[in-house]
Amino acid sequence: MLERYALIGLFAFAAVTFPIVPLILAFLFRPKKPTRLKQSTYECGIEIQNEAPEAESIWVQFRVQYYIYAILFVVFDIEVVFVYPWAVATNQMSAFWVIEMAIFMLILVGALAYAWRKNLLEWV
Amino acid sequence: MELTAIIAQLVFFVVAVLTLAAAFLTVLVRNVFHAALALVGTFFGVAAIYLMLEAEFLAIVQVLIYIGAIAVLILFAVMLTRGMMQSQESGTNKQWAWAALAIAVLFLGLFILILQVPWVHSGTAVYTDTTPYLGTELLTTYLLPFEVVSVLLLAALIGAFIIARE
Amino acid sequence: MDIFSFIFNPFVGLYNLIRDGLTQLLLAAGVPADTTRLIVFFIMGLLVVTVVLILAPVMMMYITLLERKVVARMQDRVGPNRVGPLGLLQPIADMIKFMVKEDIVPEGVDRPVHLLAPIIAVVPVVMSFAIIQFGVGMGAVDLNLGLLFLLAMGSVATISVFMAGFGSHNKFALIGGMRAAAQIISYEIPQILAVAVPVLLAGSISLSQVIQAQSGAFGLGWFFWYIPVGPIAFFVYLLAATAEINRVPFDLPEAESELVAGYHTEYSGMKFGLFYLAEFLNTFLISAIGASIFFGGWQGPFVQQIPALGILYFFGKTILLIIVQLWFRGALPRIRVDQLMNFGWKRLVPITLALILFTAAFLWFYRGVLLFLKGYGG
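Quick look at the structure:
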């Protein structure tokens, strides 16, 4: 098994060098003539007001919905991980096998239904 | 076989050093966003170490859940925090000495424990594909924990929703 | 006899030839057997990696050309036709342009994060190429958990989106990055669950085993035909995967009318080129995986006799799926962000959960019938 992952390690090494090589090549070939105007942030020609501390000026108040989706995602991601070993445990295949997963899923669908009922899934 | 063992050792040391470096970076960097990224690096290192222990499923799940979900949750939380990029605050406070002492004691305890545990080497060959066995165990021996996990997840979710709605 | 098996499966034949030749050579030179094994393993690994890494950008370049041609046809235009015959050299010209384009780094960006974001966008996609089965026995690595590995690599892409959004020091990039991340995580669950359906049907997470399980009669036992489970799972997979890589109609993070170019607003030159590369490699990847798990990958008529046909089948199916995605792009308008989220969580997630249970129940029932018939007959 480790042999296969040694190859994956080789792939990982190659995958890291793969984007770095064109970056280095581009670094050698491209012109470098920075000007003040060129380097300003893309903001329809209006300068960012920079009296606030660094990066504070681009601050946007994001809605809490992002966080709720992230939590839902974590929970369902963990659930999905249980689906896979269950799916390949074919020697256990029986009515029981189906019912066990059904119970597991039903409890989590309860969570989804809760969020739905409480209008937490609304993007407004 | 000698050569393979040496290479495996070498790879382990490199991975371990990188993991520890990323872990140190996580706690030392002042920018919260950078700290979160360093944490992602630590998770990767841990996944690699799981692989070297032949815990294939665990390693891939580590990447899928810890990097793909937990780290993303942390990054969302960072993005929702005002003043996330202010780096003026000091990384330590007055209690660092006590914290260092507590951690030293904990480390020593764990270290001694690791040295004293008689690690069992199983004589039989390891399964090549462990996941079906994992599924079987989940459905037989660990059936109750398996179902309880979903209740735990439900509780965590509802708790998080209530906090987020405040 | 031997020569025929070589002609019918030339790439695997060549691989075996080089491997055996190298082993013989090293053994003849007096290198110990275990060292030889290690060196040959390493060199053959490097060879495979090199081939895949040369193949990947070439395919990516020609997918961009295909996209421009196909979309141009749909919009009643001609598309690129100036550089080379039929515009065949256009991607090379594009690549040269990326190389010589000035790399503008705006002031105030978080330099290390800004630089690392495009690299981290490319790395997981390239690593995913390791497990693709291009033909009979033509996968670089055959992992037991291939499909989970693939999904894990896909989930890493979210980090790069965050990095690009945060590192650019730009409101549009930040909002685009957040939207992209929220979209990716919302569609990841349906995608993972849709992939679980072929896993259930094949009883294995290994990609090669899933393809193997679809042999059927004449190599046409594709999981797509398992009505109604197969087609539904396939369409959910296609939609979710398209949403994962932010392509039309799910390209909200790059909605140019509101967000300029989303999280890569502040990228230019080769760094932008890398995001572009990642996007098209992803297009190829999801089509290749879709073709493998729902349409049998290299499976097809007479593939048992002439394995070389497998390569044609695989690439043919993959390119067809790519064209379906380009068709989306030519035909569909962008959807709204609230529609996007609602569709993901309120439709796709419940549908896929029900689908998994239905598939499991079906498998159990089917197995019961088989056992009953067997008991009846014997």
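Same order as they appear, the protein sequences are chains A, B and C. If you read the first sequence in our numbering, its first letter stands for residue 4, the second for the next number, and so on. If you read the second sequence in our numbering, its first letter stands for residue 622, the second for the next number, and so on. If you read the third sequence in our numbering, its first letter stands for residue -9, the second for the next number, and so on. From the three backbone atoms N, C-alpha and C, an ideal C-beta is built for every residue, glycine too.
Under the three-state DSSP convention, the category residue i falls into
i: C:Gly259; result: helix
i: C:Gln329; result: helix
i: C:Gln65; result: coil
i: C:Asp100; result: coil
i: C:Val95; result: coil
i: C:Thr308; result: helix
i: C:Gly166; result: helix
i: A:Asn94; result: helix
i: C:Asn236; result: coil
i: C:Tyr266; result: helix
i: C:Thr273; result: helix
i: C:Gln294; result: coil
i: C:Pro323; result: coil
i: C:Asn6; result: helix
i: A:Ile123; result: What sits at residue 123 of chain A in the sequence shown is Leu, not Ile. Coil at A:Leu123, not helix or strand.
Integer-rounded CB distance, given that residue j should sit under 8 angstroms from residue i
i: B:Thr625; j: C:Leu28; result: 6 angstroms
i: C:Val226; j: C:Thr342; result: 6 angstroms
i: A:Tyr72; j: C:Ser176; result: 6 angstroms
i: C:Phe214; j: C:Phe285; result: 6 angstroms
i: B:Ile691; j: A:Val77; result: 6 angstroms
i: C:Gly263; j: C:Phe88; result: 4 angstroms
Residue i: first and last residue of the uninterrupted alpha helix (DSSP H) it sits in
i: B:Thr702; result: Element bounds for B:Thr702: n/a, residue is neither H nor E.
i: B:His742; result: Premise fails: B:His742 is in no alpha helix (DSSP H) and is neither H nor E.
i: A:Ile30; result: One point to set straight first is that residue 30 of chain A is Phe, not Ile, in the sequence displayed. Counting along the chain, the alpha helix (DSSP H) containing A:Phe30 begins and ends at Leu5 to Phe32.
i: A:Ala104; result: Contrary to the premise, residue 104 of chain A reads as Met rather than Ala in this sequence. That run of the alpha helix (DSSP H) goes Ala98 to Arg120.
i: C:Ile80; result: Ile is not the amino acid found at residue 80 of chain C; the sequence shown has Gln there. Note, C:Gln80: alpha helix (DSSP H), Gln80 to Val90.
i: B:Ile691; result: Run containing B:Ile691: none; DSSP gives neither H nor E here.
i: C:Ile201; result: Leu197 to Gln202
i: B:Thr616; result: Residue coverage of chain B in this structure runs from 622 to 787, which leaves residue 616 of chain B outside it and unanswerable.
i: C:Thr148; result: Gly136 to Gly157
i: B:Phe803; result: Absent from the structure is residue 803 of chain B, since the part of chain B shown begins at 622 and ends at 787.
i: B:Thr647; result: Glu623 to Leu649
i: C:Arg337; result: No alpha helix (DSSP H) contains C:Arg337, which DSSP labels as neither H nor E.
i: C:Tyr253; result: It is not in any alpha helix (DSSP H) - C:Tyr253 carries neither H nor E in the DSSP assignment.
i: B:Leu775; result: Leu764 to Arg786
i: B:Ile681; result: Glu677 to Val682
Those residues which DSSP pairs with residue i across a bridge
i: C:Gly74; result: According to DSSP, C:Gly74 bridges with nothing at all.
i: C:Gly129; result: C:Gln123
Cutoff 9 angstroms: residue i Cβ touching any chain B Cβ
i: A:Leu75; result: yes
i: C:Thr349; result: no
i: C:Gly144; result: yes
i: A:Ile27; result: no
i: C:Leu135; result: yes
i: C:Ala163; result: no
i: A:Val78; result: yes
i: C:Ala120; result: no
i: A:Glu103; result: yes
Residue-chain proximity (residue i, chain A), Cβ-Cβ < 9 angstroms
i: C:Leu363; result: no
i: C:Ser179; result: The residue you asked about is not Ser; residue 179 of chain C is Ile in the sequence shown. Yes - at least one Cβ of chain A is within 9 angstroms of the one on C:Ile179.
i: C:Phe88; result: yes
i: C:Ala83; result: no
i: B:Thr752; result: yes
i: C:Phe139; result: yes
i: B:Ala785; result: yes
i: B:Ile779; result: yes
i: C:Glu92; result: yes
i: B:Ser771; result: yes
i: C:Phe31; result: yes
Test: residue i CB closer than 9 angstroms to a CB of chain C
i: B:Gly689; result: yes
i: A:Tyr117; result: no
i: A:Gln68; result: yes
i: A:Ile110; result: no
i: A:Lys121; result: no
i: A:Leu5; result: no
i: B:Glu768; result: no
i: B:Ile733; result: no
i: B:Glu675; result: no
i: B:Val638; result: no
i: B:Ala692; result: yes
i: B:Val661; result: yes
Within-9 angstroms CB hit, residue i to chain E
i: B:Phe645; result: Chain labels in this structure do not include chain E; the protein chains are A, B and C.
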